[in-house]
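Participant:
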Amino acid sequence: MKKAIIILALIAMVVLPVAAKKSIGAVGLELGQPTGVTFNYDLDDNWDGYATVAFGLGGTSYVDIVAGGQYKIAEFKIEKAKFDVNVGVQGGAKVFFGDAN
Numbered sequence: 210m211k212k213a214i215i216i217l218a219l220i221a222m223v224v225l226p227v228a229a230k231k232s233i234g235a236v237g238l239e240l241g242q243p244t245g246v247t248f249n250y251d252l253d254d255n256w257d258g259y260a261t262v263a264f265g266l267g268g269t270s271y272v273d274i275v276a277g278g279q280y281k282i283a284e285f286k287i288e289k290a291k292f293d294v295n296v297g298v299q300g301g302a303k304v305f306f307g308d309a310n
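According to this note's numbering, the stretch in the sequence shown is residues 210 to 310, in order.
#1: Which first and last residues belong to the beta strand (DSSP E) in which T269 is found?
#2: Can you round the beta-carbon distance between A260 and V275 to whole angstroms, since I take them to be within the 8 Å contact cut?
#3: Can you say whether Y280 is buried or exposed, counting buried as having 16 or more other CB atoms within 10 angstroms of its CB?
#4: With a cut-off of 8 Å on the beta carbons, I'd call S270 and G307 a contact; round off their distance for me.
#5: With distances taken Cα to Cα, identify the nearest neighbour of V296 among N249, G277, D251.
#6: Pick helix, strand or coil for V255, following the three-state DSSP scheme.
#7: Leaving out the 5 sequence neighbours to the left and right, which residues in its chain are closer than 7 Å to F285 when beta-carbon positions are compared?
#8: Grab me the residues of A283's own chain with a C-beta within less than 8 Å of its C-beta, minus the 5 sequence neighbours each way, in chain order.
#9: Taking Cβ positions, are D257 and G301 nearer each other than 9 Å?
#10: Give the DSSP bridge partners of I274, in chain order.
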C-alpha cells in the first residue's frame, strides 16, 4: 500500500505542472475500486481536462491511468446553483503487475 501511494505521489508531481497551463480546477481522491487521485484542470472557458491515476490491490494488482476532456455546450442556473452541460471523450490504460487472470 505504501509503495502505491509513493507511485501516485511521483506521478502527481509529473502530471500537475503539465496540466496546470491555465488553472487547476480540483484535485481529489477517487474512492472505491479502483482507488486513486483525480486532477481536473481548466483549459479555457469551454474546455476542461482531467486525468486519473488509480490502483487496484488484492488478487490482481494494477495501475489504471485515464485522461479525457470535456466541452461545455450549455449552462443554466436553478436558484443560486450553477450547472453545466458537457460532452467529452476519454481514454486510458491499465497496467497489471503479477498474474492477471
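Heads up, the beta-carbon is just placed ideally off N, CA and C, and yes, glycines get one too.
Facilitator: Once the coordinates are examined:
#1: Here residue 269 refers to the residue found at position 60 of the sequence shown. Segment: none, T269 is in no beta strand (DSSP E) and carries neither H nor E.
#2: Here residue 260 refers to the residue found at position 51 of the sequence shown. Here residue 275 refers to the residue found at position 66 of the sequence shown. Right, the Cβ-Cβ distance comes to about 7 Å (below 8 Å), so this counts as a contact.
#3: What you label residue 280 is simply residue 71 of the sequence shown in a count that begins at 1. Counting Cβ neighbours within 10 Å, Y280 comes out exposed, since fewer than 16 surround it.
#4: Here the question's residue 270 lines up with position 61 in the sequence shown. Here the question's residue 307 lines up with position 98 in the sequence shown. Confirmed, about 6 Å.
#5: As a working mapping, residue 296 is identified with position 87 in the sequence shown. The residue with the shortest Cα to Cα distance from V296 is G277.
#6: As a position in the sequence shown, residue 255 is number 46, starting the count at 1. First, the residue type needs correcting, since residue 255 is Asn and not Val in the sequence shown. Note: N255 maps to coil in three-state DSSP.
#7: The count along the sequence shown starts at 1 and reaches residue 285 at position 76. The residues are F292.
#8: As a position in the sequence shown, residue 283 is number 74, starting the count at 1. Residues D293, V294 of the same chain have their beta carbon placed closer than 8 Å to that of A283, with the five preceding and five following residues left out of the count.
#9: Counting from one through the sequence shown, the residue named residue 257 turns up at place 48. Counting from one through the sequence shown, the residue named residue 301 turns up at place 92. Not closer than 9 Å, so no.
#10: Here residue 274 is taken as the residue at index 65 of the sequence shown, counted from 1. V262, A302.
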